[in-house]
Each structure stands twice: as structure tokens, then as C-alpha cells.
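S.K.:
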Amino acid sequence: MTAQSDSTWLTQEAFDRLKEEHEWLSSTRRQEITKEIQEAREDGDLKENAGYHAAREEQGRIEARITELERMLKTAVVAEAPKANGKVVLGTVVTAKIGPREQKFLFASPELESQTELRVFSPESPIGQAIDGLKVGAATSYAAPNGSTINVEVLDVETFRS
């Protein structure tokens, strides 16, 4: 499975959870916030109505999350994690020496963070771009956001289990 910038790899569990969140936000929560705005509006002058402004801000956050979820669900590629074959691919758990420290992380889209205790690195991140496709034992380096060069060695690649 290769990383594609226009798709989001998700396990079935993650897809179902995001779909459930979308349904709740699009129906129940959207109705609740509309009611809160209406009630706050009835409290009088909108210029100094903190409840109204707070509800409108919350409505904006809800609508933004709905849009984000719609994008993720529309572009989702639902599949089991790829079998570990000693190569870093989307959906694998990687143990690597990053600089002086050994770290274990999930190489996947950020949407999977809620399914694991592991740190998640996406293929779009600097380290993700550097290690994508590397085999166990391979070493490379990448430029960190602060401009420093960081050495990375892939020590192990495992199948992800949510």
C-alpha cells in the first residue's frame, strides 16, 4: 500500500468511529448548537452577549470538523494494516533510531492517533518523507523544521494492530 496525498488510509474501526462522529455532529450536535444560538440571541443585545458569541464560535468549530470528516470519509481507503515485510509502508509500526534515541511509532495518517498509544508520523512529515519505502537496516537523514539534519536508521517494521 503506498501513501497517496489524496487518500486517507483507515482501519475499519477508525472509519466507523469517524462516520459515527460525522453523523452525530451533522444531526444532534448541529441542532443543539442552533438552539443554543437562538436562545442566546433572545437574551438581547448581540454586541455584548458572550453566550451568543461563544455559541457562534462553537458552531464554527463544529462546521469545520464536519467538513474535515467529510473529506476524510470521502477519501478513505479502508483496509487492514499491511503485513510487515521489513519495509516501511503506510500503516506499519516502525522502530527507528532517530538521532541518538530509539523510537517506536506508527507510519500512517494522523487520523489513526486515537487508535494507538504510539506517536504517529504521516508520509507528509519530514521524517515520513525520509523513511517511506526504506527497509530494515537502511539509514538516511532529513532536515528538521529547525534546519538541523537528523539521522535515522530503521531498526524494525511490524504490522499495526489497533
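So the sequence shown is residues 7 to 168, counted in this note's numbering.
Think of the CB as a built atom: it goes at the ideal place given N, C-alpha and C, for glycine as much as any other residue.
Starting from the N-terminal side, write out each stretch of the alpha helix (DSSP H) that is 4 residues or longer and does not extend beyond the segment 32-119.
M.R.: You should have 36-47, 56-80.
S.K.: Output yes if chain D places a C-beta closer than 8 Å to the C-beta of GLU54; else output no.
M.R.: Reference to chain D is not applicable here, since this structure consists of a single protein chain.
S.K.: From GLN10 to LYS41, what does the alpha carbon distance come to, in whole angstroms?
M.R.: Only weak support is given to the placement of GLN10: the predicted model assigns it a pLDDT of 44, under 50, and the value that follows is read from those uncertain coordinates. Cα to Cα, the separation comes out at about 40 Å.
S.K.: Is it right to say THR8 is buried, meaning 16 or more other beta carbons lie within 10 angstroms of its own, or is it exposed?
M.R.: Note that THR8 scores a pLDDT of 41, beneath 50, so its modelled location is shaky; the value from the coordinates is reported in the next line. Exposed: under 16 other Cβ atoms inside 10 Å.
S.K.: Alpha carbon to alpha carbon, what distance is there between VAL100 and GLU86?
M.R.: 17 Å
S.K.: Taking only three categories from DSSP, how would you classify GLU164?
M.R.: Looking at GLU164 - three-state DSSP - the assignment turns out to be strand.
S.K.: Verify whether the separation of the beta carbon atoms of ASP138 and PRO129 is less than 8 Å.
M.R.: yes
S.K.: Given a threshold of 16 other Cβ atoms within 10 Å of its Cβ, counted over all protein chains shown, does ALA145 qualify as buried or as exposed?
M.R.: exposed
S.K.: Shortest alpha-carbon distance to ARG36 belongs to which of GLU63, GLU54, THR98?
M.R.: That would be GLU63, whose Cα lies nearest to the Cα of ARG36.
S.K.: DSSP puts ALA149 in a beta bridge; with which residues?
M.R.: Residue pairing from DSSP places ALA149 in a beta bridge opposite THR155.
S.K.: Hey, GLU117 and LEU24: beta-carbon distance below 8 Å or not?
M.R.: yes
S.K.: Would you check if the distance between the CB atom of THR81 and the CB atom of SER32 is smaller than 8 Å?
M.R.: no
S.K.: Below 8 Å on the Cβ atoms is my contact criterion, and I expect VAL95 with PHE111 to pass it. Report the Cβ-Cβ distance as a whole number of Å.
M.R.: The pair is not a contact, with the Cβ atoms about 14 Å apart (cut-off 8 Å).
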